[in-house]
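Just below is one structure, and these are the notes that go with it.
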Amino acid sequence: MKKGILFFALLVSFVGCRKEETVKTPKKLIDKAVMVNVFYDLAILDASKYQMMSKTEYQKIVPKEFIYKKYKIDSAQFSQSNIYYASSIEEYKAMFEQVQKRLQVNSDKMDTIIKRQQEKVKLNSKTHSKSRAEKLAQ
Numbered sequence: 017m018k019k020g021i022l023f024f025a026l027l028v029s030f031v032g033c034r035k036e037e038t039v040k041t042p043k044k045l046i047d048k049a050v051m052v053n054v055f056y057d058l059a060i061l062d063a064s065k066y067q068m069m070s071k072t073e074y075q076k077i078v079p080k081e082f083i084y085k086k087y088k089i090d091s092a093q094f095s096q097s098n099i100y101y102a103s104s105i106e107e108y109k110a111m112f113e114q115v116q117k118r119l120q121v122n123s124d125k126m127d128t129i130i131k132r133q134q135e136k137v138k139l140n141s142k143t144h145s146k147s148r149a150e151k152l153a154q
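Going letter by letter, the sequence shown gives residues 17 to 154 in our numbering.
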């Protein structure tokens with residue numbers, strides 16, 4: 017009985033440890049770094065869609081078509097590559113963490129720019145108010 021349990025445990029561990037590729041590598045696999053760039057651009061385009069809904073020029077743009085042209089890929093190649101990378105959850109998660117970091121860096125840069133612009137406006141407003149007050153005092 018103990019030998020049977022030991023055999024079964026060894027069999028399960030060998031089968032469980034065997035790395036079997038469940039999703040085959042596509043013939044035209046998009047490089048991982050390029051896929052990260054594609055995901056980043058899609059995130060930016062998706063976010064900007066809500067900021068520019070009223071702009072007619074933007075409504076004419078189909079984000080995925082724009083991406084396909086930019087990276088010289090097609091929808092099948094993107095889909096197959098996406099499925100391939102998604103089959104390894106850790107790898108896929110790492111890719112999206114890279115996208116998230118890039119988005120955060122750019123968000124922080126934009127916040128800094130906006131803050132500087134607001135400070136300039138505030139400073140110009142104070143300077144303009146002082147000069148107006150000085151003119152009235154004369």
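Backbone N, C-alpha and C fix where the C-beta goes; we use that ideal spot for every residue, glycine too.
From a predicted model like this one, the values you see are computed outputs, not experimental measurements.
Within its own chain, the residues whose Cβ lies closer than 7 Å to the Cβ of residue 59, once the five positions on either side in sequence are excluded, are 115 and 119, listed in chain order. With 16 or more other CB atoms across the displayed protein chains lying within 10 angstroms of its CB, residue 96 is buried. For residue 89, the secondary structure class from DSSP, reduced to helix, strand or coil, is coil.
In this chain, residue 40 is not harboured by any alpha helix (DSSP H), its DSSP state being neither H nor E. It is roughly 44 Å from the alpha-carbon of residue 130 to the alpha-carbon of residue 41. A straight-line Cα-Cα distance of about 42 Å links residue 112 and residue 140. When 87, 105 and 103 are compared, the shortest CA-CA separation from residue 55 is found for 87. Nearest in C-alpha terms to residue 62, of all of 127, 82, 94 and 134, is 82.
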